[in-house]
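Participant:
In the numbering used here, the protein residues as written are 2 to 480.
1. In whole angstroms, give me the CA-to-CA distance for residue 434 and residue 395.
2. Quick one: Cα of residue 300 to Cα of residue 323, how far?
3. Tell me which residues share the same chain as residue 182 and place their Cβ nearer than 8 Å to its Cβ, disregarding the 5 neighbours each side in the sequence.
4. State the CB to CB distance for the pair residue 290 and residue 311, rounded to an integer number of angstroms; the pair is presumed to be in contact (CB under 8 Å).
5. Drop a sphere of 10 angstroms on the beta-carbon of residue 174, count the other beta-carbons inside from all chains shown, and report buried for 16 or more, exposed for fewer.
6. For the candidate residues 306, 112, 305, whose alpha-carbon lies nearest to that of residue 87?
7. Looking at residue 412: is its Cβ nearer than 8 Å to the Cβ of residue 99?
8. Report yes if the C-beta distance between residue 233 and residue 266 is below 8 Å; otherwise report no.
9. Assign residue 387 to one of three DSSP states: helix, strand, or coil.
10. Using alpha carbons as the reference points, say which of 158, 155, 333 lies closest to residue 355.
11. DSSP on residue 438, reduced to helix/strand/coil?
12. For residue 163 and residue 151, what's the separation of their Cα atoms in angstroms?
13. Between which residues of its own chain and residue 361 is the CB-CB distance below 6 Å, once the five residues before and five after are set aside?
14. Measure the C-alpha to C-alpha separation of residue 231 and residue 237 and round it to an integer number of angstroms.
15. With a cut-off of 8 Å on the beta carbons, I'd call residue 190 and residue 228 a contact; round off their distance for me.
16. Among the candidates 213, 224, 274, whose CA atom is the shortest distance from the CA of residue 262?
17. Under 6 Å Cβ to Cβ from residue 424, same chain only, skipping five residues before and after it: list those, please.
18. Entirely within the region 74–127 and at least 3 residues each: give me those beta strand (DSSP E) ranges in chain order.
19. Where in the region 174–252 do unbroken runs of the beta strand (DSSP E), each at least 3 residues long, occur, reported from the N-terminal end onward?
20. Rounded to a whole number of angstroms, what is the C-alpha to C-alpha distance between residue 260 and residue 459?
21. Please report the residue range of the beta strand (DSSP E) in which residue 296 lies.
22. Buried or exposed for residue 346, please, with buried defined as at least 16 other CB atoms from any protein chain shown within 10 angstroms of its CB.
23. So which of 279, 475, 79, 389 has the shortest CA-CA distance to residue 429?
24. Out of curiosity, what's the CA-to-CA distance linking residue 171 and residue 450?
25. In this structure, does DSSP put residue 338 in helix, strand or coil?
26. For residue 249, count neighbouring Cβ atoms within 10 angstroms of its own Cβ and tell me buried if that reaches 16, exposed if not.
27. Sort 448, 478, 279 by Cα distance to residue 240 and report the nearest one.
28. Using a threshold of 8 Å, state whether the C-beta atoms of residue 128 and residue 106 are closer than that.
29. Below 7 Å CB to CB, which residues in the same chain sit around residue 136 once its five sequence neighbours on both sides are set aside?
30. Comparing C-alpha positions only, which one of 314, 321, 328, 298 sits nearest to residue 306?
31. Within the continuous beta strand (DSSP E) that includes residue 363, where are the two ends?
32. Taking a contact to mean a Cβ-Cβ separation below 8 Å, would you say residue 186 touches residue 154 in this structure?
33. Can you tell me the Cβ-Cβ gap for residue 80 and residue 94, rounded? I've got them flagged as a contact below 8 Å.
34. Label residue 456 either buried or exposed according to how many other C-beta atoms from any shown protein chain fall within 10 Å of its C-beta, with 16 as the threshold for buried.
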């Protein structure tokens, strides 16, 4: 983080006076906080010198020196989406690093984040917020009309900013490192395969129902799509897996998921042509205590693996990068528990307790640790992460932060970047109105969800330091 400059004394020596209301009777209070903030910001803009950035304590009108943060060396960086932002968490320590504005959080939310090919780039899928959510927003968001807003985004993770738009949008994805292919689906039955080297679409396919999960074979020659299967099979909520040949784009076979297993919970361990699925989509899920195992090569059900607890929807599940360990969370006699299943023998060898509200599990690429992400059930908007070693015998780190979910890992520590602060609409610049909005959030007049980029520390608040970083970005730009 760039060093922020100067104290009120130095500002005064440069001829900058403390802002005061021209008339005490004109000083706005409470209901007129927007006017107050605008007045202060306009004063700072008039009095600032070129290259001068400031940090302000509103109550005292003081400027303070702030030292730059030291670089933190992590083993991997987890990127989590929340509204229109992407948050970076260093693992295994569980330390919040920064938050990147990707889309206007008043009107849009990120549906998925794909990191593929180059670790410094990510691709984000976007959707419009539902009307009921927009109605609860304290801002006058209006109705989005630009069709380009409904295309995905390309995010430069090293610079902490949006680099451009994608030609398509998506909700689910899978990446093949063997062929550098990215497969996406936008919530419907159509699947698009992108060649990231050539920068073009190379295949498209359509399955029988909405796609909820995609997984490539190890060699990238086959794409497996888990989807709904209305009309294909009997069942209350039938689901299936279709195998798509990447060379031709044709579906080479389909297998029904027994018990109408939910397609979202599809995990394919590396080195095994097996698919593991959690509980049924509807009936039986409150009592389900087994994983469904599917032979992806032969497209047939192999059987079930008994679980020492009750599976919920969604079931947090993942596999280690080398395909030797399978992890899942379930409801056990001690509450939330995480279990380690050895592969390929499918034998449970260890369990540990996890926090209630655990939703996602991610394993390190080198099979050294496991991280569990979720939400605090007693504190709205608070997310948590707990990290154990790969054997689940010792805890390595933990953390809490405001909002964020569906983690995606990149190897190496999170980049030491300084994204725009309070860039609420994600246009790459900070305006006076956006800084004013940050102040109203800090004073409790509006909710943080209206401008998540104002909270750079992830603590769920907008502090004085963050406000002045926003003023600095307003004065001299975000670069």
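All residues carry an ideal CB built from backbone N, CA and C; glycine is no exception.
Facilitator: Working from what's here:
1. In the chain shown, residue 434 corresponds to position 433, counting from 1. In the chain shown, residue 395 corresponds to position 394, counting from 1. Using only the alpha carbons, I get a separation of about 47 Å.
2. Translated into the one-based positions of the chain shown, residue 300 becomes position 299. Translated into the one-based positions of the chain shown, residue 323 becomes position 322. Approximately 23 Å, taken between the alpha carbons.
3. Position 181 of the chain shown, counting from 1, holds the residue named residue 182. 176, 194, 195, 196, 197, 203, 217, 221, 247.
4. For the purposes of this step, residue 290 is identified with residue 289 of the chain shown, where counting begins at 1. For the purposes of this step, residue 311 is identified with residue 310 of the chain shown, where counting begins at 1. Sure, about 6 Å apart at Cβ, within 8 Å.
5. As a working note, residue 174 is residue 173 in the chain shown. Buried, by the Cβ-count rule.
6. On the chain shown, residue 87 is found 86 positions in, with the first residue counted as 1. Closest option to residue 87, Cα to Cα, is 112.
7. Sequence index remark: in the chain shown, residue 412 carries index 411 (1-based). Sequence index remark: in the chain shown, residue 99 carries index 98 (1-based). Going by C-beta atoms, residue 412 is not nearer than 8 Å to residue 99.
8. As a first step, residue 233 must be located in the chain shown, where it is residue number 232. As a first step, residue 266 must be located in the chain shown, where it is residue number 265. For residue 233 and residue 266, no; Cβs fall outside 8 Å.
9. Within the chain shown, numbered from 1, the residue matching residue 387 stands at position 386. Three-state result, residue 387: strand.
10. Translated into the one-based positions of the chain shown, residue 355 becomes position 354. Closest by alpha carbon: 333.
11. The residue you call residue 438 lines up with position 437 of the chain shown. Reduced to three states, the DSSP call for residue 438 is helix.
12. Here residue 163 is taken as the residue at index 162 of the chain shown, counted from 1. Here residue 151 is taken as the residue at index 150 of the chain shown, counted from 1. Their backbone Cα atoms lie some 15 Å apart in a straight line.
13. Within the chain shown, the letter at position 360 stands for residue 361. Once the five neighbours on either side are set aside, the close Cβ partners of residue 361 are 317, 374, 408.
14. In the chain shown, the residue the question calls residue 231 occupies position 230. In the chain shown, the residue the question calls residue 237 occupies position 236. For residue 231 and residue 237, the distance between alpha carbons rounds to 9 Å.
15. For the purposes of this step, residue 190 is identified with residue 189 of the chain shown, where counting begins at 1. For the purposes of this step, residue 228 is identified with residue 227 of the chain shown, where counting begins at 1. With 8 Å as the limit, residue 190 and residue 228 qualify as a contact, their Cβ atoms being about 7 Å apart.
16. Walking along the chain shown from the start, residue 262 turns up at place 261. The candidate whose alpha carbon is nearest that of residue 262 is 213.
17. In the chain shown, counting from the first residue as 1, residue 424 sits at position 423. Cβ within range, chain order: 102, 431, 454.
18. 77–83, 86–92, 96–102, 109–116
19. 182–186, 191–196, 201–207, 212–217, 223–229, 240–246
20. Taking the first residue of the chain shown as 1, we reach residue 260 at position 259. Taking the first residue of the chain shown as 1, we reach residue 459 at position 458. Taking the straight line from one Cα to the other gives about 41 Å.
21. Taking the first residue of the chain shown as 1, we reach residue 296 at position 295. Element bounds for residue 296: 291–296.
22. Stepping through the chain shown from its first residue, residue 346 is reached at position 345. So residue 346 ends up on the exposed side.
23. As a position in the chain shown, residue 429 is number 428, starting the count at 1. The candidate whose alpha carbon is nearest that of residue 429 is 475.
24. As a first step, residue 171 must be located in the chain shown, where it is residue number 170. As a first step, residue 450 must be located in the chain shown, where it is residue number 449. About 23 Å.
25. Position 337 of the chain shown, counting from 1, holds the residue named residue 338. Note: residue 338 maps to strand in three-state DSSP.
26. Translated into positions along the chain shown, residue 249 becomes position 248. Answer is exposed; the Cβ neighbour count stays below 16.
27. By 1-based counting over the chain shown, the position of residue 240 is 239. Nearest of 448, 478, 279 to residue 240, Cα basis: 279.
28. The residue given as residue 128 occupies position 127 in the chain shown. The residue given as residue 106 occupies position 105 in the chain shown. Going by C-beta atoms, residue 128 is not nearer than 8 Å to residue 106.
29. Along the chain shown, one-based indexing puts residue 136 at 135. Reliability fails at residue 136, whose pLDDT of 40 lies under 50, so the model's placement of it is uncertain and no value is given.
30. Translated into the one-based positions of the chain shown, residue 306 becomes position 305. Checking every option, the nearest Cα to that of residue 306 belongs to 328.
31. Within the chain shown, the letter at position 362 stands for residue 363. Note, residue 363: beta strand (DSSP E), 359–364.
32. As a position in the chain shown, residue 186 is number 185, starting the count at 1. As a position in the chain shown, residue 154 is number 153, starting the count at 1. No. Outside cutoff.
33. Along the chain shown, one-based indexing puts residue 80 at 79. Along the chain shown, one-based indexing puts residue 94 at 93. Incorrect: roughly 16 Å between the Cβ atoms, too far for contact.
34. Position 455 of the chain shown, counted from the start, is the residue given in the question as residue 456. Buried, because 16 or more other Cβ atoms sit within 10 Å of the Cβ of residue 456.
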